[in-house]
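Just so you know, we're using the working numbering here: the sequence shown kicks off at 3 and counts up by one.
Don't be surprised by glycine CBs; every beta carbon is placed ideally from N, CA and C.
Here the structure is a predicted model, which is why all the values come from computation and not from measurement.
Notes follow once the structure below has been shown.
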Amino acid sequence: MPRTLFAKIWDAHRVAGTPGGADLVAIDRVFLHERTGAAALNSMAAAGRAVTDPARVFAVMDHIVDTRPGRGDATLMPGGQAFITETREACRAAGITLIDVGDRDQGIVHVISPELGIVLPGVTLVAPDSHTCTQGAFGALAWGIGTSEAEHAMATGMLRLERPGTMRVRFDGTLAPGVTAKDMALALIARHGAGGGAGRAIEFAGEAVGALDMEARMTLCNMATEFSAMTALIAPDAKTFAYLAGRRHAPAGFDDRYWATLSSDPGARFDAEIAMDAAAIAPMVSWGTSPEHAVPVEAAVPRGPARVHDYIGLEPGARLLGTPLDAAFIGSCTNARLSDLRRAAAVLRGKRIAPSIAKALVVPGSMAVRRAAEAEGLDKVFEAAGFEWRMSGCSLCFYAGGEGFAAGSRVISSTNRNFEGRQGPGIRTHIASPETVAASAIAGCIADPRPLLAQIPSGTVAA
């Protein structure tokens, strides 16, 4: 019987069923971060439970660490330093690998896990972070869990789960110039709603998905949680294998013949299917307080709930293009990889952000991304344009680090969420691709990146 990619991975990890109909599923990797890591490990220790296999558990400092140059354990978050020091002590006591604040591999969990080859095709990977689905770009079953589930996974190597339904989302056709994986995700969510994939395991497929590089595939899978999906995944292919070759935790001489079997069989049935025309997608920008509140950058603001219009300060029918901005942010597990920084820098090269932009930040997704960008001189491009060049971390993707924009600021952001207060009290966030953020920062208002992208000589943006 033809099976989906999801079914192949799930069935390979199903240890047993339960009387209630749920499954016990083996967990290959657990990733912790400092916001919840100490709580999980200390709770286990208090209960007298040990980590069953410390070699399969990793932790990183990413969520509340300061990203200003010269940082240490201190953060702007009240009490934040205790999260860091307690997680460090708990990881040491449990014998698990910690990628600490000053480590050369430090970065956002969903950026460094692929960089280090910790996520691999066919594995199950969990972390107490909703954007763990990012790593499904490698054909892994990766999803976010709670702190108590992390304890369970570390103590038993398994989790009790209801088998989710499946959905295939096909992006057929070819993306137009200046349109990215971020725009694909926002177009999908805008059309089918933030609950469109509720609870399901989504497989992204189609010509446009196959054409994406690995970093763009991560962006697409990252946004699946904004579609309410349990997870998302993409069948591994030659691009996946080439990306993983030589990574520290990837097996040497890996068996890509097995990995190549990790795809949905012809005729495999999904519980739901959606088809999108990739060629019809334009650069997208959010206008409201949910990722589903997104429209093509040239479109007018549609009518939505009154509360949303009140918060965001844009009336129905207003023109999104030209909306004045106060700040710009490039970062997060969605769009802070090297290819994202290259594309944004290409737009900014030789230009300055508008005087009305009071604050503009670039926060690389990892220290490895930061070093690679500096080797190409991208840091100088950003700084010359008026952006701050930061250390890696989650930063102003959200407010947990204690740093924010001025109250009430309107921000263009490469992040994944535009909820009320997500980037600080009263902050009005418009999410978009890195190139749209860069073009908007130059204009001082929401701008279409395509005219600036058209001025960039072909082949000058490094692959």
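What residues match up with residue i in a beta bridge as DSSP calls it?
i, result
"Cys223", "In DSSP, Cys223 forms no bridge with anything."
"Cys447", "Pro326"
"Trp145", "Val128"
"Phe33", "Phe60"
"Ala203", "Thr168, Thr233"
"Ser288", "Ala296"
"Ser460", "In the DSSP output, where bridge partners are listed per residue, Ser460 has none listed."
"Ile332", "Val364"
"Ala18", "Leu26"
"Ile355", "DSSP lists no partner for Ile355."
"Asp466", "Summary: the structure shown does not reach residue 466, with the chain confined to residues 3 through 465, and so no result is reported for it."
"Ala302", "Arg321"
"Glu390", "Leu363"
Buried or exposed, going by whether 16 or more other CB atoms sit within 10 Å of the CB of residue i?
i, result
"Ala247", "exposed"
"Ala277", "exposed"
"Pro166", "buried"
"Gly104", "exposed"
"Tyr260", "exposed"
"Glu376", "exposed"
"Ala441", "buried"
"Gly367", "buried"
"Glu466", "Beyond the ends of the chain as shown, which are 3 and 465, falls residue 466; an answer cannot be given."
"Pro123", "buried"
"Gly333", "buried"
"Thr176", "exposed"
"Asp273", "exposed"
"Arg305", "exposed"
"Ser265", "buried"
"Val17", "exposed"
"Glu164", "exposed"
"Arg372", "buried"
"Ala52", "exposed"
"Gly141", "buried"
"Thr126", "buried"
Check this for me: beta carbons of residue i and residue j, under 7 Å apart or not?
i, j, result
"Val310", "Thr291", "yes"
"Pro138", "Thr233", "One point to set straight first is that residue 138 is Gly, not Pro, in the sequence displayed. Result yes, Cβ atoms of Gly138 and Thr233 sit closer than 7 Å."
"Pro436", "Asp328", "no"
"Asp239", "Gly208", "no"
"Pro318", "Val299", "no"
"Asp64", "Gly395", "yes"
"Cys335", "Ile147", "no"
"Thr38", "Thr168", "no"
"Gly404", "Met79", "yes"
"Met393", "Thr69", "yes"
"Val383", "Leu350", "yes"
"Pro4", "Gly269", "yes"
"Ala338", "Ile66", "no"
"Ile236", "Phe206", "yes"
"Gly119", "His295", "no"
"Val62", "Ile98", "no"
"Val364", "Phe389", "yes"
"Asn420", "Met225", "no"
"Ile283", "Val128", "no"
"Met216", "Lys241", "yes"
"Gln23", "Leu455", "Position check: residue 23 holds Gly in this sequence, whereas Gln was assumed. No, the Cβ-Cβ distance between Gly23 and Leu455 is not below 7 Å."
"Thr227", "His133", "yes"
Got a sec, what are the start and stop residues for the alpha helix (DSSP H) residue i sits in?
i, result
"Ala247", "Premise fails: Ala247 is in no alpha helix (DSSP H) and is neither H nor E."
"Glu91", "82-96"
"Glu385", "380-387"
"Met186", "183-194"
"Ser341", "340-350"
"His112", "111-117"
"Val371", "369-377"
"His15", "7-15"
"Met46", "39-48"
"Asp258", "258-261"
"Val211", "209-213"
Taking residue i as part of the beta strand (DSSP E), name the residues at either end of that continuous run.
i, result
"Leu316", "No beta strand (DSSP E) holds Leu316; DSSP gives it neither H nor E."
"Glu275", "274-279"
"Leu100", "99-101"
"Ile433", "430-433"
"Leu26", "25-28"
"Arg162", "160-163"
"Ile120", "Here Ile120 belongs to no beta strand (DSSP E), and DSSP marks it neither H nor E."
"Ser415", "412-415"
At least three beta-carbon pairs within less than 8 Å, the segment 81-100 to the segment 41-55: yes
The segment 217-227 touching the segment 406-413, judged by at least three CB pairs closer than 8 Å: no
Touch test, the segment 146-166 against the segment 249-267, Cβ-Cβ under 8 Å, three pairs minimum: no
Meets three-Cβ-pair contact criterion under 8 Å: the segment 324-339 and the segment 445-462: yes
Contact between the segment 27-34 and the segment 182-196 (3+ Cβ pairs under 8 Å): no
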